[in-house]
Amino acid sequence: MADAGSDSDRLDPLSHHKPEDRPAVVLNWLQQGHERFLQGHSLHPHSTRERMQAVIEGQHPLAAVLGCADSRVPVELLFDSGFGDLFVVRNAGTMSTTAAIASLEYAVGHLDVPLIVVLGHEGCGAVSAALHPELLLTPSLSQVVGQLRMELLQYGDHLSLEESCRRHTLNLVHSSVLLTDRLRAGHLAVVAGYYDLHSSRIEWMGDVKPVRYRGAGER
Ligand SMILES: [Zn+2]
1 MADAGSDSDR LDPLSHHKPE DRPAVVLNWL QQGHERFLQG HSLHPHSTRE RMQAVIEGQH
61 PLAAVLGCAD SRVPVELLFD SGFGDLFVVR NAGTMSTTAA IASLEYAVGH LDVPLIVVLG
121 HEGCGAVSAA LHPELLLTPS LSQVVGQLRM ELLQYGDHLS LEESCRRHTL NLVHSSVLLT
181 DRLRAGHLAV VAGYYDLHSS RIEWMGDVKP VRYRGAGER
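For the sequence shown, the numbering used here gives the first residue as 1, with consecutive numbering after it.
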């Protein structure tokens with residue numbers, strides 16, 4: 001998978017890799033796409049009408065991404081990817097809501113995605129709101145922001161916005177038996193990326209320890 005892939009590529013380019021090798025292969029593919037984006041050499045692969053037709057019968061995305069709804073963080077563009085390449089879950093604040101986790105479980109369990117990228121970013125409005133309890137918000141927004149605030153309070157109450165955005169990105173907290181099992185088997189990786197609005201660069205922050213599921217009898 002050295003190049004970006006032409007529209008005539010097989011639809012499941014991972015099929016000849018061993019399951020334990022797939023997370024690294026896909027991460028490398030994403031990083032290559034991001035580097036093309038950064039260099040201004042995006043190829044916009046898989047963006048033709050032929051590709052659109054080819055994926056009608058079924059999708060085989062290479063990775064899932066949990067990102068923020070922020071309009072300045074367009075996931076497919078950042079990774080120079082096209083139709084059928086990425087299974088993208090976005091919401092304000094990159095929150096691991098039940099709906100978001102369910103979507104990721106679908107991507108991993110049914111679409112066999114070997115990699116989840118949790119993509120946080122600089123200057124996240126939801127995180128910023130969590131640092132300002134005086135803000136008046138709608139009930140729905142209050143719920144999301146309140147959850148974020150509770151999460152960040154574990155680090156004390158003096159975090160900067162940037163530090164808060166970074167900590168939140170590394171803190172995908174939710175119980176998921178399916179994701180935990182795949183992680184333990186080595187067939188899934190969850191990595192954190194932090195998108196810097198100023199440089200347009202994604203800083204890779206390492207593995208997320210996302211799923212605090214404990215089996216029966218474990219403490
Ligand atoms: Zn955001």
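Beta carbons: idealized from backbone N, C-alpha and C, even for Gly.
TODO: Would you mind stating whether proline 19 and alanine 63 have Cβ atoms separated by less than 9 angstroms?
DONE: no
- [ ] For isoleucine 101, count neighbouring Cβ atoms within 10 angstroms of its own Cβ and tell me buried if that reaches 16, exposed if not.
- [x] buried
Task: Segment limits, beta strand (DSSP E) that includes asparagine 91 - done: 86–91
Open item on the list: Nearest by alpha-carbon distance to leucine 14: which of Val75, Arg167 and Pro61 is it?
Closed with: Pro61
TODO: Check histidine 34 in the structure and name its three-state DSSP category.
DONE: helix
Task: Contacts around arginine 36, its chain only, beta-carbon distance under 8 angstroms, and the 5 residues preceding and following it disregarded - done: Ala4, Ser42, Leu43 and Asp80
- [ ] Reducing DSSP to helix, strand and coil, say where leucine 66 ends up.
- [x] strand
- [ ] Go through its chain and collect everything with a Cβ distance to leucine 136's Cβ below 7 angstroms, but skip five positions before and after it.
- [x] none
Open item on the list: Between threonine 94 and ligand 1, is there a pair consisting of the residue's CB and a ligand heavy atom that are separated by less than 8 angstroms?
Closed with: yes
TODO: Return the chain-ordered ranges of every alpha helix (DSSP H) run that is complete within the stretch 158–205 and spans a minimum of 4 residues.
DONE: 161–169 and 177–185
Task: Straight-line Cα distance separating arginine 49 from glycine 67 - done: 27 angstroms
- [ ] Measuring alpha carbon to alpha carbon, tell me which of Glu134, Pro139, Arg167 and His16 ends up nearest leucine 152.
- [x] Arg167
TODO: Compute the Euclidean distance between the alpha carbons of tryptophan 204 and proline 139, then round it to the nearest angstrom.
DONE: 34 angstroms
TODO: With DSSP as the reference, label leucine 152 as helix, strand or coil.
DONE: helix
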